[in-house]
Amino acid sequence: MEDVTTLTKIQLDALREVGNIGSGNAASALAQFLNRKIDMAVPSATILDFKDIPSLLGGPGTRVMGIFLKVLGEISGRFLLLIPEKTSIKLLQTLIPGCEIEDPLNMSELEGSCMREVGNILAGAFLNALSSLTQTPMLNSLPSMTYDMAGAMIDSVVADMTAVSDKVLMIETSFIESEEDLRIHIFLLPEPKSLTLLLQKIGVI
Amino acid sequence: MSVVIPVGMGELKVARSPATLAVYGIGSCVIVSLYDTKSRVGGVAHVMLPDSSGIDKERLNPNKFADTAIPALYDAIKSEDGVFKANLHAKIVGGSEMFPPTEDFENNIGRDNTAAVKKALKKMGFPIIAEDTGGKRGRSIEFDLESGLIRLSILGEETREL
Chain A
1 MEDVTTLTKI QLDALREVGN IGSGNAASAL AQFLNRKIDM AVPSATILDF
51 KDIPSLLGGP GTRVMGIFLK VLGEISGRFL LLIPEKTSIK LLQTLIPGCE
101 IEDPLNMSEL EGSCMREVGN ILAGAFLNAL SSLTQTPMLN SLPSMTYDMA
151 GAMIDSVVAD MTAVSDKVLM IETSFIESEE DLRIHIFLLP EPKSLTLLLQ
201 KIGVI
Chain B
206 MSVVIPVGMG ELKVARSPAT LAVYGIGSCV IVSLYDTKSR VGGVAHVMLP
256 DSSGIDKERL NPNKFADTAI PALYDAIKSE DGVFKANLHA KIVGGSEMFP
306 PTEDFENNIG RDNTAAVKKA LKKMGFPIIA EDTGGKRGRS IEFDLESGLI
356 RLSILGEETR EL
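Chains as they are written, first to last, in my numbering: chain A, 1 to 205; chain B, 206 to 367.
If you want it as structure tokens, here you go:
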């Protein structure tokens, strides 16, 4: 299925449930290693015009931490975590005792690898749940990370998915810790070529 | 204060001084500008991918691909009063690799976009008089059609002009 615009409402609902199951598991993992209560926004599975994606994140120039992983296996895709500045700093201070970082632009080697590990754990938890659901092994690549403008990351992640259509299928949710207003946004973009298999595995095709 | 016109991914815009064409959050995309120094008309194409071959022509958005966006940009700019091909020059910005490759994947879109844009500009005979491409950082630009200068911003670096 190369054209995501033909997805039906039932199929999108099923993909939203995929997001729900994956992010539920990832939220538990996050709650465990932060030892805090984490709330999860209701996931969405939407077909978006790529031009509208940056505005979801506060505009293309918004500074954000991005952790990118590829989903490897028969069902492949891309996994992107976007973490606002304040949350990135708080995460590092929580996970690294004595960490005094003020600007994520100047992260040390240790701080960088700590953030990548956060990505690794969340993606791993998300994909584990999806592997069980679909009975299909799904692994994540090593994470790649940067701190930069949201728009610049989005174009790098979606560019080659938009050759045929301007529309991108995106499963999205966010994790919220309300005491200190920490937020992590999670995006899963299934590769169009493996979408048919994913829909088969979840029984909506 | 002149009007600021934003140019999004896969878009192409042409304007005349006084105006500023602005592109925020450029990653692997390459921004190609053409500017007529005499009439002060300028245009920008926000190229996302190197090559349109193999894409169904009926569904093709020419502004997305280097090989089709640059002819489209020239078509758009030459229809403005007072624009002559001999007065046009190009500047290019972008083509970075935002997420450094790990052992599991490569990511060469930025590099491929830059190479394809240069090839297309050369084919059409437009000189590239300034360039800021590659690297790992995102970029934003404001292209002032009064002066023809592009103000380039990169996080953690001084703003500079191209």
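All C-beta atoms, glycine included, are put in the ideal place defined by N, C-alpha and C.
- Measuring C-alpha to C-alpha distances from ALA152/A to each of GLU74/A, GLU117/A and GLY58/A identifies GLY58/A as the nearest.
- Sequence-distant Cβ neighbours of ALA224/B in its own chain, meaning closer than 7 Å and more than five residues away, are SER207, VAL208, ILE210 and LEU350.
- For ARG264/B, the nearest beta carbon of chain A is closer than 8 Å to its own beta carbon.
- The beta carbon of ASP160/A sits closer than 8 Å to some beta carbon of chain B.
- Taking the C-beta atoms as reference points, ARG16/A is found nearer than 8 Å to SER44/A.
- In the DSSP annotation of this structure, LEU360/B is not part of any beta strand (DSSP E), being labelled neither H nor E.
- Within chain B, no residue has its CB atom less than 9 Å from the CB of SER88/A, the nearest being about 14 Å off.
- The alpha-carbon separation between PRO137/A and SER76/A amounts to approximately 10 Å.
- Closer than 8 Å to the CB of ILE314/B there is at least one CB belonging to chain A.
- Closest by C-alpha distance to GLY213/B, out of ALA220/B, TYR240/B, GLY247/B and MET253/B, is MET253/B.
- In terms of Cα proximity to GLN135/A, the closest of ILE21/A, ILE67/A, ILE202/A and ALA26/A is ILE202/A.
- Contact between PHE187/A and SER23/A is absent: CB atoms are separated by about 11 Å, not below the 8 Å threshold.
- Classified as buried, PRO192/A has 16 or more neighbouring CB atoms from the shown chains inside 10 Å of its CB.
- Excluding the 5 residues flanking it on each side, ALA321/B has same chain C-beta neighbours closer than 7 Å at PRO255, ASP256, ALA271 and ASP272, in chain order.
- The three-state secondary structure of PRO60/A, taken from DSSP, is coil.
- Less than 8 Å divides the Cβ of TYR240/B from the Cβ of HIS294/B.
- GLY353/B is outside the set of residues whose beta carbon lies under 8 Å from a beta carbon in chain A.
- Contact holds between the segment 143-162 of chain A and the segment 233-247 of chain B, because three or more Cβ pairs, one in each stretch, are under 8 Å apart.
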